[in-house]
Amino acid sequence: MKISVVGTGYVGLVTGVCLAEIGHDVVCIDTDVQKIHKMRRGQSPIYEPGLDDLMTKNIQEGRLYFTNIHKEGFKDSEIIFIAVGTPQLPDGSANLNFIENVAQDISTYVANDAIVVTKSTVPVGTNYHIQKIIQRNIADDIKIRIASNPEFLREGSAVQDTFNGDRIVIGTDDVETADILEKMYAPLNIPVFKTDISSSEMIKYASNAFLATKISFINEISNICEKLGANVEDVANGMGYDKRIGRNFLNAGIGYGGSCFPKDTQALVQIAGGVEHDFKLLKSVIEVNNSQQKSLIEKIKHRVQNVKNIKIAALGLAFKPNTDDMREAASIPILSSLAEEGALITAYDPIAIENAMDILPSNIQYSNSIKKTLEGADIALIVTEWDEVKSIDLNVFKNLMNTPIVFDGRNCFDLDLIEESDIEYYSMGRKTINPYKYTHIQQPTF
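Mapping the sequence shown onto the working numbering, position 128 (from 1) lands on 128, and the numbers just tick up by one.
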């Protein structure tokens, strides 16, 4: 099939490249000319494992193209995906300006019948809004059908998720349209769930809100475990054996971040408010997450009464491993607060430093290796659970730091191994190992 994808962020670019990989002719459209030139060379503008290789392969095999000219990109296209951003407005609702601009471009430049598929996360009713914009301006002899096809990709594993997804959701009011889209996806051999447009739009928000709820729930359990002397990991494992619950998304830590969960939970609260429903549960989920990001700061301040001039080594900056995405990353409120109070911070992340420098306070220093970051530090602060962080030899903390005091916001290390070391170790929802061992760092006043 001849397919166009408008927008080359995480969703659009991964969608376009993977559709080319299963045999379709794909044109990806973006207004950023420099970005287009880069992608034509097979260079992804985002960090996503495996994406560059697939781009290069499909460009060379003549199935993948990039352009900034909409008329060229829409030429003879049978299916047009809308995959532009829907950033959060100040009130938490979704900004549909980019969506509306694409709808206008479709009505202006499409010269043949086509199916317009919304891949972007949009509030219920948006697809009908898109349809009205297009029909208001397009030539009378051109037939445009619409469909909702939400994405369920995880940054850092988006390519793998595309080829190994749990389900493909197709929302449309037209049986023929649903069948065409199902045929398009057939090479993936992933179950297809067909529904109406409004339900499809809601599925995306409901899915992300539920996963965010699991994260906030286990973080609340984690806080209780700390006060009762229980181990949150054992609690989560015991819960996870129950098939009704499952173990995924029950990892205690310093909260969720990224481009989806924070934005989509806020948007769903606004959607509910628009129909006069007070979504109390989801409001609490958001509140818990915001508080959880501050919990590591509170632990540090309880241990060290005054962080001024304390040397802190921050390991990890991105909101999750295997991405350079800093959107809503826990490192932002944590490191910003500590830097504002005078802590001397050196930070490391394998790929997100460049993005972090545009967001974090200017007095934060950066290092290109974990060992250099830890040298002479009073405190190590684990913010992102990169594999190379989780695989650190514990002796490195002891040998390189001024005082091997570790605050682990992601529970990266086994407590039995920590107990065999001389590390003073604080984690989330688990017992503290060697509390206040290093007395020349301030201890709390009770």
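Idealized CB from N, CA, C, for every residue including glycine.
Pick from N322, D387, I297, V285: whose alpha carbon is nearest that of S331?
Locating residue 331 in the sequence shown gives position 331, where the first residue counts as 1. The option with the nearest alpha carbon to S331 is I297.
Counting only the same chain and skipping the five closest in sequence on each side, list residues whose C-beta sits under 7 Å from that of F462.
Residue coverage of the chain in this structure runs from 1 to 446, which leaves residue 462 outside it and unanswerable.
Between the C-alpha atoms of V269 and A209, what's the straight-line distance to the nearest angstrom?
Within the sequence shown, numbered from 1, the residue matching residue 269 stands at position 269. Within the sequence shown, numbered from 1, the residue matching residue 209 stands at position 209. Looking at the two C-alpha atoms, the distance is approximately 10 Å.
With a threshold of 16 other CB atoms inside 10 Å of the CB of N355, please say whether the residue is buried or exposed.
Translated into positions along the sequence shown, residue 355 becomes position 355. That one is buried.
Taking Cβ to Cβ, would you say R167 is nearer than 9 Å to G316?
Counting from one through the sequence shown, the residue named residue 167 turns up at place 167. Counting from one through the sequence shown, the residue named residue 316 turns up at place 316. No, the pair does not count as a contact, with Cβ atoms beyond the cut-off.
How about N127 and I197: are their beta carbons less than 9 Å apart?
Here the question's residue 127 lines up with position 127 in the sequence shown. Here the question's residue 197 lines up with position 197 in the sequence shown. Yes; because the gap between Cβ atoms is below 9 Å, this pair is in contact.
Just to confirm my understanding: we take K336, look at its own chain, exclude 5 residues before and 5 after, and list those with CB closer than 8 Å. What are they?
Translated into the one-based positions of the sequence shown, residue 336 becomes position 336. Contrary to the premise, residue 336 reads as Ser rather than Lys in this sequence. Counting only Cβ-Cβ distances below 8 Å, and skipping sequence neighbours, we find L360, P361.
Smallest Cα separation from G246: which of G255, A236, N434?
If you number the sequence shown from 1, residue 246 lands on position 246. The shortest C-alpha separation from G246 is found at A236.
Taking DSSP as the reference, what is the three-state secondary structure of Q495?
The first residue shown for the chain is 1 and the last is 446, placing residue 495 beyond what the model contains.
Could you tell me which residues DSSP puts in a beta bridge with T177?
Numbered from 1 along the sequence shown, position 177 holds the residue referred to as residue 177. T177 is not bridged to any residue.
Would you report the Cα separation of G257 and K320, rounded to the nearest angstrom?
In the sequence shown, counting from the first residue as 1, residue 257 sits at position 257. In the sequence shown, counting from the first residue as 1, residue 320 sits at position 320. Those two C-alpha atoms are separated by around 8 Å.
Helix, strand or coil at E447 according to DSSP, with G and I counted as helix
No information on residue 447 is available, as it lies outside the stretch 1 to 446 that the chain covers here.
Residue burial classification, K243 (beta-carbon count within 10 angstroms, cutoff 16)
Reading the sequence shown from its first residue, position 243 is the one you call residue 243. So K243 counts as exposed.
Can you look up Q270 in the DSSP assignment and give me helix, strand or coil?
Counting from one through the sequence shown, the residue named residue 270 turns up at place 270. Helix, per DSSP.
Taking just the CA atoms, how far does I392 sit from R303?
In the sequence shown, the residue the question calls residue 303 occupies position 303. In the sequence shown, the residue the question calls residue 392 occupies position 392. Approximately 23 Å between the Cα atoms of the pair.
Quick test of your reading: V14 and A158, contact by CB under 8 Å. State the CB separation rounded to the nearest angstrom.
If you number the sequence shown from 1, residue 14 lands on position 14. If you number the sequence shown from 1, residue 158 lands on position 158. That belief holds up - the Cβ atoms of V14 and A158 are roughly 4 Å apart, short of 8 Å.
Candidates I146, I382, T162, M357, of which the one nearest L153 by Cα
The sequence position of residue 153 within the sequence shown is 153, counting from 1. It is T162 whose Cα lies nearest to the Cα of L153.
Return the chain-ordered list of same chain residues with a C-beta closer than 6 Å to the C-beta of I215, the five sequence neighbours on each side being excluded.
Here residue 215 corresponds to residue number 215 of the sequence shown, with the count starting at 1. Around I215: F249, Y256.
Under 9 Å between C-beta atoms of V110 and F74
The residue you call residue 110 lines up with position 110 of the sequence shown. The residue you call residue 74 lines up with position 74 of the sequence shown. Yes, the Cβ-Cβ distance between V110 and F74 is below 9 Å.
Span separating the alpha-carbon of I170 from that of F407:
Sequence index remark: in the sequence shown, residue 170 carries index 170 (1-based). Sequence index remark: in the sequence shown, residue 407 carries index 407 (1-based). Their backbone Cα atoms lie some 44 Å apart in a straight line.
By Cβ distance, which residues of its chain are closer than 7 Å to D174, with the 5 residues on each side in sequence left out?
As a working mapping, residue 174 is identified with position 174 in the sequence shown. Contacts found: R145.
Which word fits Q43, buried or exposed, when buried means at least 16 other C-beta atoms lie within 10 angstroms of its C-beta?
Numbered from 1 along the sequence shown, position 43 holds the residue referred to as residue 43. So Q43 counts as exposed.
Assign I351 to one of three DSSP states: helix, strand, or coil.
Looking up residue 351 in the sequence shown gives position 351. Coil, per DSSP.
Using only CA atoms, which one of I405, L19, I441 lies nearest to T432?
Here residue 432 is taken as the residue at index 432 of the sequence shown, counted from 1. It is I405 whose Cα lies nearest to the Cα of T432.
Just the C-alpha distance for N395 and D416, rounded to the nearest angstrom, thanks.
In the sequence shown, counting from the first residue as 1, residue 395 sits at position 395. In the sequence shown, counting from the first residue as 1, residue 416 sits at position 416. Their backbone Cα atoms lie some 15 Å apart in a straight line.
Spell out the partners DSSP gives V396 in its beta bridges.
By one-based count along the sequence shown, residue 396 stands at place 396. Paired residue(s): none; V396 is not in a bridge.
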